[in-house]
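Student: Supplied in structure tokens, the structure appears directly below.
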Amino acid sequence: MSSDTSLQHRVTAELIWDPAVTSSEIGVTAKDGIVSLSGQVETYDEKMAAEAAARRVYGVKAIVMEIEVDVPLSFKRSDVDIATTAVARLAWNVAVPPDCVSVKVSKGVITLTGEVDHHFQFEAAERELRHLCGVVAVNNLITVRSQVDVAAVSDRISEALDRSWLFDPKTVTVTADGGTVYLGGTVRSMQERREALGAAWASPGTTAVVNSIGVV
Numbered sequence: 004m005s006s007d008t009s010l011q012h013r014v015t016a017e018l019i020w021d022p023a024v025t026s027s028e029i030g031v032t033a034k035d036g037i038v039s040l041s042g043q044v045e046t047y048d049e050k051m052a053a054e055a056a057a058r059r060v061y062g063v064k065a066i067v068m069e070i071e072v073d074v075p076l077s078f079k080r081s082d083v084d085i086a087t088t089a090v091a092r093l094a095w096n097v098a099v100p101p102d103c104v105s106v107k108v109s110k111g112v113i114t115l116t117g118e119v120d121h122h123f124q125f126e127a128a129e130r131e132l133r134h135l136c137g138v139v140a141v142n143n144l145i146t147v148r149s150q151v152d153v154a155a156v157s158d159r160i161s162e163a164l165d166r167s168w169l170f171d172p173k174t175v176t177v178t179a180d181g182g183t184v185y186l187g188g189t190v191r192s193m194q195e196r197r198e199a200l201g202a203a204w205a206s207p208g209t210t211a212v213v214n215s216i217g218v219v
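For the sequence shown, the numbering used here gives the first residue as 4, with consecutive numbering after it.
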């Protein structure tokens, strides 16, 4: 069995195993570590769950997402209903600062704009709305304000990676220019690459991350 075929089978098995992925219409192809997912699902949340499942598989270097969200009639909602619900859900989420995020909805696609102080607030706003009925995509255009003490960002990330059992600190490089963090080097899996990205975003002062870590 070729390595591409083996990877395809492993990703397919992970999709079947994940209870958040229920669609039987997801196709998987693999070539040189690049996995393509295609087909249809009923919710945007399931589309994101399928992507997350594929990223967990060892050997996946990148993912091409060609899955479409085909909302069934029972889940369809008007843009007005989606917008009204989205605004209310954000207002109830304590991780999202009040009056900092604006919502626009067009044909089931939610676009978020505004400015927050931390990346976890950026993520919380998007995560809150992924589960809404009728949503086919969430475009998160929220920006993160640059914080003080930017010079210490690189040191904080290096220390965070050093504390984790997942990493050999010698294989990951971290530099910072203003609020932009640059990650380089190599890790063993896509999951480790995501862990490094998470550590970078968790550091105060990070407004953007350029992740050039390779998977070997």
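Ideal Cβ placement from N, Cα and C applies to all residues, glycine included.
As the structure is a prediction and not an experimental result, all values here were calculated from the model.
Looking at the secondary structure, which residues open and close the beta strand (DSSP E) in which Ala98 lies?
Tutor: The residue you call residue 98 lines up with position 95 of the sequence shown. Where Ala98 is concerned, there is no enclosing beta strand (DSSP E), given that its DSSP letter is neither H nor E.
Student: If you run the structure through DSSP and keep just helix, strand and coil, what is Tyr47?
Tutor: Working through the sequence shown from its first residue, we reach residue 47 at position 44. Tyr47: helix per DSSP, three-state reduction.
Student: Is it right to say Thr8 is buried, meaning 16 or more other beta carbons lie within 10 angstroms of its own, or is it exposed?
Tutor: Walking along the sequence shown from the start, residue 8 turns up at place 5. Flag for Thr8 reads exposed.
Student: According to DSSP, simplified to helix, strand and coil, what is Ser3?
Tutor: Only positions 4 to 219 of the chain appear in the structure, and residue 3 is not among them; the question remains open.
Student: For Lys173, name the three-state secondary structure that DSSP assigns.
Tutor: Translated into the one-based positions of the sequence shown, residue 173 becomes position 170. Three-state result, Lys173: helix.
Student: From Val141 to Glu28, what distance separates their C-alpha atoms?
Tutor: Translated into the one-based positions of the sequence shown, residue 141 becomes position 138. Translated into the one-based positions of the sequence shown, residue 28 becomes position 25. Using only the alpha carbons, I get a separation of about 22 Å.
Student: Is it the case that the Cβ atoms of Trp20 and Ala52 are separated by a distance below 9 Å?
Tutor: Here residue 20 is taken as the residue at index 17 of the sequence shown, counted from 1. Here residue 52 is taken as the residue at index 49 of the sequence shown, counted from 1. With contacts defined as CB atoms closer than 9 Å, Trp20 and Ala52 fail to qualify as a contacting pair.
Student: If distances are taken between C-alpha atoms only, which option among Thr178, Thr46, Thr209 comes closest to Ser149?
Tutor: Start at 1 with the first residue of the sequence shown, and residue 149 comes out as number 146. Cα-wise, what sits closest to Ser149 is Thr209.
Student: Can you round the beta-carbon distance between Leu40 and Glu69 to whole angstroms, since I take them to be within the 8 Å contact cut?
Tutor: Taking the first residue of the sequence shown as position 1, residue 40 is located at position 37. Taking the first residue of the sequence shown as position 1, residue 69 is located at position 66. 6 Å between Cβ atoms; contact.
Student: If contact is defined by three or more beta carbon pairs under 8 Å, each pair taking one atom from either stretch, is the stretch 84 to 101 in contact with the stretch 174 to 186?
Tutor: No: the two stretches stay apart, fewer than three of their Cβ pairs being nearer than 8 Å.
Student: Does the Cβ of His122 have 16 or more other Cβ atoms within 10 Å, making it buried, or fewer, making it exposed?
Tutor: In the sequence shown, counting from the first residue as 1, residue 122 sits at position 119. Under this definition His122 is a buried residue.
Student: For Glu118, list the residues DSSP reports as bridge partners.
Tutor: Looking up residue 118 in the sequence shown gives position 115. Answer is Thr146, bridged to Glu118.
Student: So for Ile85, helix, strand or coil by DSSP?
Tutor: Numbered from 1 along the sequence shown, position 82 holds the residue referred to as residue 85. Three-state result, Ile85: helix.
Student: Since Glu28 is in the alpha helix (DSSP H), which residue starts that stretch and which ends it?
Tutor: Indexing the sequence shown from 1 puts residue 28 at position 25. Run containing Glu28: none; DSSP gives neither H nor E here.
Student: Which same chain residues, not among the five before or five after Arg159, have their C-beta less than 6 Å away from its C-beta?
Tutor: Taking the sequence shown and counting its residues from 1, the one referred to as residue 159 is at position 156. Correct list, in chain order: Ser206.
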